[in-house]
Each structure stands twice: as C-alpha cells, then as structure tokens.
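Everything below concerns the one structure shown next.
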Amino acid sequence: MAQSLQIDRPQLACEVHSDRVVAARGNAANTVEIYATRKLPPGVVVPSLSHANISDTAAVRQAVSDSLTSIGGGNKDVIAILPDGAARVLLLDFDTLPDKREDADAIIRFRLRKSIPFDVDSSAISFATHRGGGNVRVVAALVPRTILNEYENVFRDAGYSPGVVLPSSLAMLGLIEGQQPTMLVKVDAVTTTIAIADRGELVLVRTLDHPGRPQVSAREIADAVHPSVIFFEDTYAAKVEQILLSAPSATNELAEALQTETGIRTSDVAGYINSGDNLGDGATRSILAGVTGALSA
Numbered sequence: 013m014a015q016s017l018q019i020d021r022p023q024l025a026c027e028v029h030s031d032r033v034v035a036a037r038g039n040a041a042n043t044v045e046i047y048a049t050r051k052l053p054p055g056v057v058v059p060s061l062s063h064a065n066i067s068d069t070a071a072v073r074q075a076v077s078d079s080l081t082s083i084g085g086g087n088k089d090v091i092a093i094l095p096d097g098a099a100r101v102l103l104l105d106f107d108t109l110p111d112k113r114e115d116a117d118a119i120i121r122f123r124l125r126k127s128i129p130f131d132v133d134s135s136a137i138s139f140a141t142h143r144g145g146g147n148v149r150v151v152a153a154l155v156p157r158t159i160l161n162e163y164e165n166v167f168r169d170a171g172y173s174p175g176v177v178l179p180s181s182l183a184m185l186g187l188i189e190g191q192q193p194t195m196l197v198k199v200d201a202v203t204t205t206i207a208i209a210d211r212g213e214l215v216l217v218r219t220l221d222h223p224g225r226p227q228v229s230a231r232e233i234a235d236a237v238h239p240s241v242i243f244f245e246d247t248y249a250a251k252v253e254q255i256l257l258s259a260p261s262a263t264n265e266l267a268e269a270l271q272t273e274t275g276i277r278t279s280d281v282a283g284y285i286n287s288g289d290n291l292g293d294g295a296t297r298s299i300l301a302g303v304t305g306a307l308s309a
C-alpha cells in the first residue's frame, strides 16, 4: 500500500469488485473522462481477510488489462481499489505521536494488535494523521500482506504499476465534500461499511461483516447503521445531514429503510456521478463511485 493516504495520485483508477472490474481515466482537473467495465465469472473474487481472494488470477488479470486498455491514455501508473472485505480501515486517537514515520508506524501497529483479526505486524499499513485540539487522529488502512500481493500482482502482470492502493470505501469518500455531517453506507457481498465525514474530516468508520449472506435484508442493514448515527450525534452534538448509499441491488428498498429508521434524507451515491450511463453488462452508475472518488479527491 502507499506509505501515506495523502499523496499525489495517478490519473488512472481501477477497482476489483467481486463480480467485475471497473476502470476510469481522469485529468488534471480531477474530472473523470471515460469509464470501462468487464464482468468476472462468478466466484473468481471472494473478498476476505483470512484466505486467498482470487481463485482465477488469469481471469482477473485479463479483465484488468482489457478495461484499462480500452480507456487508453498510455499511462501505466494506476490507483488500485480493493474490496472492503479485503482490508480494514480504522480511526485511532492518540495524545501524541512521533513525527518520524517509522516510529509512528510501530506505535499504531501496537495499538491495533488487539483490534484486528489478522497479524498486524506482517500486514501492509497506510495511515494519515491530523493534529489538532491537543491530540492526533489517525486514519489507518491495513491489508494482510499475502492478500495485498494477490491484487498488486494482478495489476503488475497486466503491465500496470499500482502505486496507490485504496479500500473501496476510502476511495468512494473522494466524492463527498463532508463540510456538513454526511454518512456513507456502502454495501457489498461480504461487508457493510459505514463512514461519516464532517468539516472535511473522516470522524467515524465501521465495517460489518456478512460474508456469503446475499439475503441480508434492508431492515437488518438499517438496524446495523442506526447505532452509528446515535454514536455520532451523542459524541459530536451534531446531526447527520444526509446518508449516501451504495448498494449492488434493492437500492430503493434499502434507502427507504434507512430513511425510515434514522429519519435522515437518504439518496443513491450514483447521483454524484455525472457520466457512465452506457456501461453495458447491466451495470449501474453506482459501481463507478470508487474509481470516481479516487480520481476526484
């Protein structure tokens, strides 16, 4: 993974979903110019923190190559976007943290050892720090090294350099200005990720696992999201102004359940994407949220 979450980014982005690969090309104005998508055979990508994610490397490599080649540009540097189920993103608060990155890395890993269900010391970690109010807030993203290698090797074997690697939810946050409290709810086949941004800063993030349960109902998800709303409002004495939803199916049903449960205006994140109407393969604009956010940040 990138050494920092705050670095210059390439103008190509490519996200590996469980059922397809999506690529996009941006420009210097942080505007996305063109998208492409390629479907994957069922079961080829199964996001997990505990076992191999890619069962057919050749199929994923071909989809990555085809999608990136079709949008052109000639650049080989790419933002690689991983499924949320293959990574963990956490917020940590410290009274102090060393300025030297290597020392800060060791302290962050030590704190995470009791919070992460995999070996922290052998994992790739990327983090960004925000100092203010007498403390240090850290946004940390971790991926087991063997799993990160799976995804990075697919890109390298396709002839691309994944100099920046992001979990899908972090990439998607690039769509959100977050000057007023905004919640992102991102649902996929194995996880639901809840994130809240306020005043341009990530203030809450949670990942809920539901692997292999495509039958998870809108009501279950709404019930799982509500405690995060209450926690934010109690902690920050502020109200979440809107919920942006990204879900592969039953989006209207889930949006209605979230709005009913929380009383907060809920809309599809696809409304923040200005193009990509003719993707083919039955794809909707919401699958473009990760690559669009990564290139817009």
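For the sequence shown, counting from 1, position 2 maps to 14 in the numbering used here; every step adds exactly one. Each residue gets a CB set at the ideal place from its N, CA and C atoms; glycine is no exception.
Point to revise | Secondary structure of glutamine 191, DSSP reduced to three states | key: coil
Exercise for review: Determine which residues share a DSSP beta bridge with histidine 142 and list them.
Suggested key: Arg149
Point to revise | Assigned exposure category for histidine 63 - 16 Cβ within 10 Å defines buried | key: exposed
Review point. Between the C-alpha atoms of leucine 266 and histidine 222, what's the straight-line distance to the nearest angstrom?
Key: 16 Å
Review point. For aspartate 169, which of helix, strand or coil comes out of DSSP?
Key: helix
Practice item. Starting from the C-beta of valine 72, find all residues in its chain whose C-beta is less than 8 Å away, skip the five residues before and the five after it, and write them out in chain order. Key: Val28, Val33, Leu52, Val56, Val57, Ile66 and Val166
Review point. Is the beta carbon of threonine 194 less than 9 Å from the beta carbon of leucine 220?
Key: no
Practice item. For arginine 125, collect the residues of the same chain with a Cβ closer than 7 Å to its Cβ; drop the 5 residues on either side in sequence, then sort them by chain order. Key: Val132
Check your understanding: Cβ atoms of valine 197 and isoleucine 188: under 9 Å apart, would you say?
Key -> no
Check your understanding: Under a Cβ-count criterion, where at least 16 other Cβ atoms within 10 Å of its own Cβ denotes burial, should phenylalanine 122 be classed as buried or exposed?
Key -> exposed
Check your understanding: Does the region 207-219 touch the region 254-262, meaning 3 or more C-beta pairs lie closer than 8 Å?
Key -> no
Exercise for review: Would you check if the distance between the CB atom of glycine 302 and the CB atom of isoleucine 93 is smaller than 9 Å?
Suggested key: yes
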